[in-house]
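Residue numbers (this note's numbering): 16 to 205.
Structure below.
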């Protein structure tokens, strides 16, 4: 297993131009941190190289003191391995990358991974409404026009307090925090 851990302070400067077209994870992270303040370990399943801008945007939105474990996958068949790896690393919740080739909101690979993670008690969240249909506990982002959408049924996840619609703020009212960024650890599935 290859493991690369890095602080994004230096990477932010290198990827600043690329991140201009990344998903806006600020509303999602603000809602997550309000609903689950004790959850500090975020999981991501995606092709790391193709999603660096979105992962950097997620790290900025998450802020300093959080850890993002990315399982770098290249095929949909690696979804079960990735989900098991994140569960074994005690990930608190998983965020779907909206532009990933195989594990995006609504994809079959993401559905399999979400259900596997839910069986381990790890909730998943997305940025598109379709994520709710595949088992994500809530969705908020560019695909929902900044509005929080919460599932009406949980799959396998028992101890998750869902965010209240009132907790969500509109994208226009959020300000980028200057506290720093989350640390990113990249893992390859076994």
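Each residue gets a CB set at the ideal place from its N, CA and C atoms; glycine is no exception.
Remember, predicted model here, so these are calculated numbers, not experimental data.
Using the C-alpha atoms, what's the distance from residue j back to residue i?
i           : j           : result
residue 202 : residue 86  : 5 Å
residue 110 : residue 167 : 19 Å
residue 50  : residue 153 : 11 Å
residue 101 : residue 84  : 7 Å
residue 161 : residue 103 : 32 Å
residue 105 : residue 141 : 19 Å
residue 148 : residue 73  : 23 Å
residue 67  : residue 116 : 13 Å
residue 165 : residue 71  : 25 Å
residue 48  : residue 90  : 31 Å
residue 151 : residue 128 : 11 Å
residue 45  : residue 93  : 30 Å
residue 58  : residue 38  : 16 Å
residue 157 : residue 143 : 7 Å
residue 121 : residue 55  : 25 Å
residue 43  : residue 114 : 16 Å
residue 52  : residue 195 : 17 Å
Give the secondary structure of residue i by DSSP, where H, G and I count as helix, E and B as strand, and everything else as coil.
i           : result
residue 172 : Because the pLDDT of residue 172 is 49, which lies under 50, any placement of that residue in the model is unreliable, and the number read from its coordinates should be weighed accordingly. In the structure shown, residue 172 sits in coil (DSSP, three-state: anything other than H, G, I, E or B).
residue 163 : coil
residue 200 : strand
residue 153 : strand
residue 82  : strand
residue 69  : helix
residue 94  : helix
residue 134 : helix
residue 75  : helix
residue 118 : coil
residue 40  : coil
residue 45  : helix
residue 181 : Annotation note: pLDDT 43 at residue 181 (below 50); position unreliable, coordinate value reported separately. In the structure shown, residue 181 sits in a helix (DSSP, three-state: H, G or I).
residue 124 : helix
residue 195 : coil
For the beta strand (DSSP E) that contains residue i, what are its first and last residues?
i           : result
residue 108 : 108-110
To which residues does DSSP link residue i through a beta bridge?
i           : result
residue 59  : 85
residue 140 : 110 and 153
Could you give the residue range of the alpha helix (DSSP H) that holds residue i?
i           : result
residue 54  : Per DSSP, residue 54 belongs to no alpha helix (DSSP H) and is neither H nor E.
residue 148 : 145-148
Is it the case that the region 133-148 contacts the region 72-84, given that we only count it when at least three CB pairs across the two stretches are under 8 Å? no
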